[in-house]
Amino acid sequence: MNTPLVSSAAPGRVTRQPPDQGSLEILAELVTPITSELFGNNGLPLVFDGRDEPEESAQEMVGIIGFTGTEMTGNLMISTSRDIVERSNPLPTEQGIAGEVALRDWVGELSNQLLGRLKNKLLRYGATLEMSPPVTLYGVRVHCVIPRSPDAKPFVFSSSSGDRVLIWFDALFEPGFKLDADAEGEACQEEGDLLLF
Amino acid sequence: MGKKVLVVDDSLTVRQQVGLALQNAGFDVVEAVDGVDGEEKIASVADLSMVICDVNMPRKSGIEMLEAVKAGGQNAKLPVLMLTTEGQPELIQKAKKAGAVGWIVKPFKADLLIGAVKKLTA
């Protein structure tokens, strides 16, 4: 049973809570292929290794993007190596500061595109999200810690070189809300679609 | 000198990627980093043929920028094509109603984008 989070600012008032098991399963079914597709489209095939915190998970680059909505709030993080970011970059990396700036921008854009794809899929399940601009972290050993949701284990992918891509999707749901596999939500335009009005 | 296209996106990578595709097709490119910068560039850069614009941006969104540009003035007829991760029908309709000429869901296919730009700037 999910334990609702009680706000210390308003004792007795139940605030948002971690997703139920059914919703977690739906999220897992969505995140895995979307991630593989996104990196595959950028020339970097990934293999899904499962959901767990690897023993050694310190990475170099992290893209974080937040979201809010009537049904849920949270954030999505992509955590990976500089090499993965460079190899998936659709543009050649320049030398020096310009190149580093470009890579940081690209990992932010990756998180933006990943959440964008997920957002479009979630419409069908009755959830609407508004996305914030992405933020990038860049360091030597960047550890990501998810404090809120006990089930927010990262989705772990690996490349042919053995580098890892970790995806965290951390969400809190409005009490009573569940992703509904039978919802007749809106169908969205697909990635790459062009509409001329 | 080719026709001039303004690319508005808060992502450096997307601006460069779109810009490269346009330049390879013979277009000149001007960049803006968000809706505020985009609106300023539209007002100040002469001879723009069209705008390619993201939706979710800091300071001013693409749709807010679109609405401001279409509200009146000499640039109200400038074609604006939205390029975004968003695919929600309601948002697409909002952009259409605000005067956008089209909508592309990222990632874009270069040949489709260039085909649309050539058609819209003909």
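Protein chains in written order, with my numbering: chain A, 274 to 470; chain B, 303 to 424. Heads up, the beta-carbon is just placed ideally off N, CA and C, and yes, glycines get one too.
Taking the alpha-carbon positions, what's the Glu344 of chain A to Phe446 of chain A distance? Rounded to the nearest angstrom, the two C-alpha atoms are 6 Å apart.
Taking only beta-carbon positions, decide if Asn348 of chain A is within less than 8 Å of chain B. Chain B contact via Cβ: absent.
When DSSP labels each residue in this structure, what does Ala282 of chain A get in the three-state scheme? Interpretation of Ala282 of chain A is limited by its pLDDT of 49, a score under 50 that renders its predicted location unreliable; the figure taken from the coordinates is listed afterwards. Ala282 of chain A sits in coil when the DSSP states are folded into three classes, being neither helix nor strand.
Between Ile351 of chain A and Leu402 of chain A, is the Cβ-Cβ spacing less than 8 Å? The Cβ atoms of Ile351 of chain A and Leu402 of chain A lie no closer than 8 Å to each other.
Mind listing which residues of the region 375 to 388 of chain A have their C-beta closer than 8 Å to chain B's C-betas, in chain order? Hits within the stretch, in order: Ala375, Asp378, Trp379, Gly381, Glu382, Asn385, Gln386 and Leu388.
The beta strand (DSSP E) enclosing Glu333 of chain A, as first and last residue numbers: If you look at Glu333 of chain A, you'll find it in the beta strand (DSSP E) that goes Gln332 to Thr341.
For Tyr412 of chain A, which residues in chain B fall below 9 Å Cβ to Cβ? Rather than Tyr, the amino acid found at residue 412 of chain A in this sequence is Gly. The contact set of Gly412 of chain A on chain B, defined by CB atoms closer than 9 Å, is empty, because the minimum CB distance reaches about 20 Å.
Using three-state DSSP, classify Ser352 of chain A as helix, strand or coil. Three-state result, Ser352 of chain A: strand.
Segment limits, beta strand (DSSP E) that includes Thr409 of chain A: Thr409 of chain A: member of the beta strand (DSSP E) spanning Val408 to Val415, first to last residue.
I need the boundaries of the beta strand (DSSP E) containing Leu467 of chain A, first residue and last residue. That run of the beta strand (DSSP E) goes Leu467 to Leu469.
Per-residue contacts from Leu317 of chain A into chain B (C-beta, under 7 Å): None at all; the shortest Cβ gap to chain B is about 13 Å.
I think Leu452 of chain A touches Ser309 of chain A, with their Cβ atoms under 8 Å apart; what is that distance to the nearest whole Å? The pair is not a contact, with the Cβ atoms about 20 Å apart (cut-off 8 Å).
Relative to the C-alpha of Val415 of chain A, which candidate in A:Gly336, A:Ala301 and A:Asp293 has its C-alpha closest? Out of A:Gly336, A:Ala301 and A:Asp293, the CA that lies nearest to the CA of Val415 of chain A is found in A:Gly336.
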